[in-house]
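Residue numbers (our numbering): 1018 to 1128.
Cβ coordinates follow ideal geometry from the N, Cα and C atoms, glycine included.
Since the model is a prediction, treat every value here as computed from it, not as a measurement.
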């Protein structure tokens, strides 16, 4: 998994080679995003397996989303064996400029 902030969103990539798109589940409950996937075997019961180095079965990972992320607008895409999740930053958490007022200029004009 790789995760990074890009502008006003967080991007998370999961490498899931050999995983069928219909076996990937994303669940979001109380700011916990759960990614669950299953890699199924491609061979039947009547084969003699010589080497098995590719893990099969169910895999899951949980991400705890902070209050600064917009859990209502999570997007996900799957391409080339990579699951990409995009999570926007909430408006209140985005950096903003604050105007500074000066009373010195008003005092000089009135003097």
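Using C-beta distances below 6 Å, list every residue in its chain close to residue i, excluding the 5 sequence neighbours before and after it, in chain order.
i            : result
residue 1034 : 1098
residue 1020 : 1029
residue 1102 : 1029, 1093
residue 1080 : 1050
Candidates the options: which alpha carbon is nearest residue i's?
i            : options                : result
residue 1106 : 1089, 1071, 1073, 1119 : 1089
residue 1092 : 1021, 1024, 1029, 1019 : 1029
residue 1018 : 1076, 1114, 1121       : 1076
residue 1073 : 1039, 1121, 1059       : 1059
residue 1043 : 1120, 1071, 1095, 1083 : 1095
residue 1054 : 1062, 1083, 1039, 1066 : 1039
residue 1025 : 1119, 1113, 1120, 1067 : 1113
Quick one: what's residue i bridged to in DSSP?
i            : result
residue 1032 : 1099
residue 1021 : 1028
residue 1053 : 1042, 1077
residue 1105 : 1026
When you compare the CB positions of residue i and residue j, do they come within less than 7 Å of one another, or not?
i            : j            : result
residue 1056 : residue 1036 : yes
residue 1052 : residue 1078 : yes
residue 1104 : residue 1027 : yes
Leaving out five residues on either side along the sequence, give the residues of the same chain with a beta carbon under 7 Å from the beta carbon of residue i.
i            : result
residue 1045 : 1088, 1091
residue 1032 : 1098, 1099
Comparing the CB of residue i with every heavy atom of the ligand ATP, is any distance shorter than 6 Å?
i            : result
residue 1033 : For the structure depicted, the ligand ATP is absent and the ligand set is empty, with no information on it obtainable.
Leaving out five residues before and five after residue i in sequence, what residues of the same chain have Cβ atoms less than 8 Å from its Cβ?
i            : result
residue 1083 : 1048
residue 1115 : none
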